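Chains as they are written, first to last, in this note's numbering: chain A, 81 to 156; chain B, 2 to 196.
Inspection log for the structure reproduced underneath, given as structure tokens.
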Amino acid sequence: MSHGPCDACEELLQGYLDRELTDSEVGQAESHLDGCDYCRRRYRFEVSLRQYVQTTAVERMPVGLMEKLTQLRTEQ
Amino acid sequence: MVGEAEPEIEGRRIAAEARDRVRFEEEALALADQVYRVARRLVGTREEAEDLVQDTYGRAFRSWRSYTPGTNLRAWLLRILTNLNLDRGRKVQRTPDMLPIEEGDYYLANKMAESQGEQVLDQDRVVEKLSQDSIVTALSSLPHDFRDTVVLVDIGEFSYADAAQILDIPIGTVMSRLHRGRRLLKQQLAEETIG
Numbered sequence: 081m082s083h084g085p086c087d088a089c090e091e092l093l094q095g096y097l098d099r100e101l102t103d104s105e106v107g108q109a110e111s112h113l114d115g116c117d118y119c120r121r122r123y124r125f126e127v128s129l130r131q132y133v134q135t136t137a138v139e140r141m142p143v144g145l146m147e148k149l150t151q152l153r154t155e156q
Numbered sequence: 002m003v004g005e006a007e008p009e010i011e012g013r014r015i016a017a018e019a020r021d022r023v024r025f026e027e028e029a030l031a032l033a034d035q036v037y038r039v040a041r042r043l044v045g046t047r048e049e050a051e052d053l054v055q056d057t058y059g060r061a062f063r064s065w066r067s068y069t070p071g072t073n074l075r076a077w078l079l080r081i082l083t084n085l086n087l088d089r090g091r092k093v094q095r096t097p098d099m100l101p102i103e104e105g106d107y108y109l110a111n112k113m114a115e116s117q118g119e120q121v122l123d124q125d126r127v128v129e130k131l132s133q134d135s136i137v138t139a140l141s142s143l144p145h146d147f148r149d150t151v152v153l154v155d156i157g158e159f160s161y162a163d164a165a166q167i168l169d170i171p172i173g174t175v176m177s178r179l180h181r182g183r184r185l186l187k188q189q190l191a192e193e194t195i196g
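Structure below.
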């Protein structure tokens, strides 16, 4: 399958999700996404993937580390 | 009389500095959990992450005077941390010519659609088909330069500009490492999950 405008959308999507595109690029991405099921599915997929990676990758600080850091403070 | 005023001024200066220092330490400690989250994904094990965070706070507490109040303290701490991590020597580094051929941003979604049908992408929880272990493994296997950027932006939620400052690289380099790093991540997830 060949997707000319979809290739352009694929290129813009990461910057779009990062909110780092120019206004005209945002317009280009959004007008394509409005009319393209193929890209809209992939856009939604990218949104959930980011969320999922972030939740999965976050590990809370081990118990006891805060106390060690506080000790560094008083030792100085 | 002039001579008697000086110790008093000096005393006030010392007291003011002590207050600034205490405030700095408290603000820095309040960010420890967020600093740890980033550290944990930059290195391979929990122990290394703990060591790295302790070294970071040790250095931060010693050099607190070089922090400008009102600027981004979390970014300041992460800059110390990423420098210390570099200093520790990253012995095993894949060279760029060993990187796999780069696929596009849709690669993972396309692979899932190919193996399970396009409609799979309409499922709300489609990403949960990827195991949590595979995500952690894929992140940790990214080449260091790419991993630093992906972790700072996607886990640490830093802007491109903050990441550029922390890593001391141009913003354009942040963008290219981020985009390539994310593509590699998706490629690895596709290989692990779908084969």
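Note that the Cβ used here is the ideal one computed from N, Cα and C, for glycine as well.
Nothing here was measured: the structure is a model prediction, and the numbers come from that model.
Go ahead and pull the three-state DSSP assignment for residue i.
i	result
residue 138 of chain B	helix
residue 177 of chain B	helix
residue 159 of chain B	coil
residue 144 of chain B	coil
residue 171 of chain B	coil
residue 133 of chain B	helix
residue 25 of chain B	helix
residue 81 of chain A	In this prediction, residue 81 of chain A scores a pLDDT of 47, lower than 50, which makes its location untrustworthy; the coordinate-derived value is nonetheless stated afterwards. Reduced to three states, the DSSP call for residue 81 of chain A is coil.
residue 124 of chain B	coil
residue 10 of chain B	helix
residue 98 of chain A	coil
residue 32 of chain B	coil
residue 195 of chain B	coil
Going by other Cβ atoms of all chains shown within 10 Å of its Cβ, with 16 needed for buried, is residue i buried or exposed?
i	result
residue 157 of chain B	buried
residue 139 of chain B	buried
residue 167 of chain B	buried
residue 10 of chain B	exposed
residue 87 of chain B	exposed
residue 131 of chain A	exposed
residue 184 of chain B	buried
residue 136 of chain A	buried
residue 72 of chain B	exposed
Please report the Cβ distance between residue i and residue j, rounded to the nearest whole angstrom; I am assuming they are in contact, meaning their Cβ atoms lie under 8 angstroms.
i	j	result
residue 61 of chain B	residue 78 of chain B	6 angstroms
residue 161 of chain B	residue 170 of chain B	Contact doesn't hold; Cβ gap of about 11 angstroms is too wide.
residue 147 of chain B	residue 126 of chain B	Rounded, the Cβ-Cβ distance is 28 angstroms, inconsistent with contact.
residue 194 of chain B	residue 135 of chain B	6 angstroms
residue 112 of chain B	residue 29 of chain B	So it is not a contact: roughly 43 angstroms between Cβ atoms.
residue 26 of chain B	residue 153 of chain A	5 angstroms
residue 39 of chain B	residue 152 of chain B	6 angstroms
Residue range of the alpha helix (DSSP H) that residue i falls in?
i	result
residue 116 of chain B	108-117
residue 103 of chain B	First-last for residue 103 of chain B: undefined, no H or E at that position.
residue 142 of chain A	It is not in any alpha helix (DSSP H) - residue 142 of chain A carries neither H nor E in the DSSP assignment.
Segments assigned alpha helix (DSSP H), at least 4 residues, entirely inside the stretch 100-138 of chain A: 103-115 and 117-137
Checklist line | Completely contained alpha helix (DSSP H) runs for the stretch 43-88 of chain B, where each covers 4 or more residues | finding: 47-63 and 74-88
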